[in-house]
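Quick note, in my numbering, the sequence shown goes up one by one and the last residue is 139. To keep things clear, I will list the structure first and then write my remarks on it.
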Amino acid sequence: GISLLDRIPNEIIRERSGVKDIVVESRPNKMRWAGHTARLTDNRWTTIIAEWYPREQKRPPGRPPRRWEDDIVKCFGRTWRRKARVREEWQTCCDQRSLNDS
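Dropping the structure here:
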């Protein structure tokens, strides 16, 4: 077996065991869901929660907590919602992004 004392990197362990990296596998699903929420026109709770930012509380010291949207903004920029409103354009962006990540 493998122990922590062997100091084998996670990538090698995943390669040997055939287990996929959950972060890499979940990213396309997150991008697809972001496109869905950006195209919603009514005032659903999914849109409200995705855009919500707790302004009424005092911010704790240190780095601001990561939000659901931060990863999408990092990939596509601050105008990602505008891109996502056009389904074909968003799918093209996501496909190009997944090709670049591979």
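Even glycine gets a Cβ: it sits at the ideal position worked out from N, Cα and C. Note that the structure is a prediction, hence the values are computed from the model and not measured.
Just to confirm my understanding: we take alanine 87, look at its own chain, exclude 5 residues before and 5 after, and list those with CB closer than 7 Å. What are they? Looking up residue 87 in the sequence shown gives position 50. These residues qualify, in order along the chain: Thr74, Trp105 and Glu106.
Measuring alpha carbon to alpha carbon, tell me which of Ile85, Arg118, Ile109 and Trp82 ends up nearest proline 65. In the sequence shown, residue 65 corresponds to position 28, counting from 1. Considering only alpha carbons, the answer is Ile109.
Alpha helix (DSSP H) segments (min. 4 residues) lying fully within the segment 105 to 130: 107 to 113 and 117 to 121
Reduced DSSP secondary structure (H/G/I, E/B, other) of tryptophan 89: Counting from 1 along the sequence shown, the entry for residue 89 is found at position 52. Tryptophan 89 falls in the coil class under three-state DSSP.
Hey, could you find the ends of the alpha helix (DSSP H) glycine 72 is sitting in? If you number the sequence shown from 1, residue 72 lands on position 35. 59 to 76 is the extent of the alpha helix (DSSP H) around glycine 72.
Tell me which same chain residues have a C-beta within less than 7 Å of the C-beta of proline 98, skipping the five on either side of it? For the purposes of this step, residue 98 is identified with residue 61 of the sequence shown, where counting begins at 1. Excluding sequence neighbours, proline 98 sits near nothing in its chain.
Compute the distance between the beta-carbons of isoleucine 50 and isoleucine 59, then report whether it is under 8 Å. The residue labelled residue 50 in the question sits at position 13 within the sequence shown. The residue labelled residue 59 in the question sits at position 22 within the sequence shown. Cβ distance not < 8 Å, so isoleucine 50 and isoleucine 59 don't count as in contact.
Assumed close pair lysine 120, cysteine 130 - CB separation to whole angstroms, cut-off 8 Å: Start at 1 with the first residue of the sequence shown, and residue 120 comes out as number 83. Start at 1 with the first residue of the sequence shown, and residue 130 comes out as number 93. Rounded, the Cβ-Cβ distance is 6 Å, consistent with contact.
Mapping DSSP to helix, strand and coil, what is asparagine 47? Position 10 of the sequence shown, counted from the first residue, corresponds to residue 47. Looking at asparagine 47 - three-state DSSP - the assignment turns out to be helix.
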